[in-house]
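Asks: The number in the working numbering is simply the position in the sequence shown, starting from 1, with 128 added.
Don't be surprised by glycine CBs; every beta carbon is placed ideally from N, CA and C.
Model, not experiment: these values are computed from the prediction.
First, the structure itself, so that you have it in front of you.
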Amino acid sequence: MKKELDEMLNRLNQWEAANRDADLTQMEEAIDAELAGIRQQLLEQMAREGENPEARVVCPNCDQTMMKNGQKKRILRTKNGDKVTIVREQMRCHECGMTLFPPG
Numbered sequence: 129m130k131k132e133l134d135e136m137l138n139r140l141n142q143w144e145a146a147n148r149d150a151d152l153t154q155m156e157e158a159i160d161a162e163l164a165g166i167r168q169q170l171l172e173q174m175a176r177e178g179e180n181p182e183a184r185v186v187c188p189n190c191d192q193t194m195m196k197n198g199q200k201k202r203i204l205r206t207k208n209g210d211k212v213t214i215v216r217e218q219m220r221c222h223e224c225g226m227t228l229f230p231p232g
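Dropping the structure here:
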């Protein structure tokens, strides 16, 4: 992630050099555009790291242990409207058929 942050700072420095007459709103928009990409990467990384593949998942519907049901990809939208792609194990209850993604 350090590399991505360094690259972002480099792009912002280049933008600043090319836009010396920019007002505060334009500067803020340039920074926000760069931060949006980093924010998305951080969200995806944290979502992957939050997984515990060994954790026992209990069905909230019938309290039975759920089983792995294959990897599923899901695209979520953050409160800022960014799209975050998460690939995680979907869980399925063999008792009642309920599925969970992400598990837990």
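1) Between 220, 219, 223, 210, which has its C-alpha nearest residue 160's C-alpha?
2) Pop quiz: residue 204 and residue 212 are said to be a contact at Cβ under 8 Å. What is the actual Cβ separation, rounded to whole angstroms?
3) Could you tell me how far apart the beta carbons of residue 192 and residue 217 are, in whole angstroms, since I believe they sit closer than 8 Å?
4) With 16 as the cutoff for other CB atoms within 10 Å, does residue 144 come out buried or exposed?
5) What residues match up with residue 152 in a beta bridge as DSSP calls it?
6) Report all residues from its chain with a CB closer than 8 Å to the CB of residue 189; omit the five preceding and five following residues, and keep chain order.
7) Put residue 165 into one of helix, strand or coil per three-state DSSP.
8) My understanding is that residue 185 touches residue 137, with C-beta atoms under 8 Å, so please give their C-beta distance in whole angstroms.
Replies: Taking the definition as stated:
1) 210
2) 5 Å
3) No, residue 192 and residue 217 are not in contact; Cβ-Cβ is about 17 Å, not under 8 Å.
4) exposed
5) Looking at the DSSP assignment, residue 152 forms no beta bridge with any residue, so it has no partner.
6) 221, 224, 226
7) helix
8) Contact doesn't hold; Cβ gap of about 41 Å is too wide.
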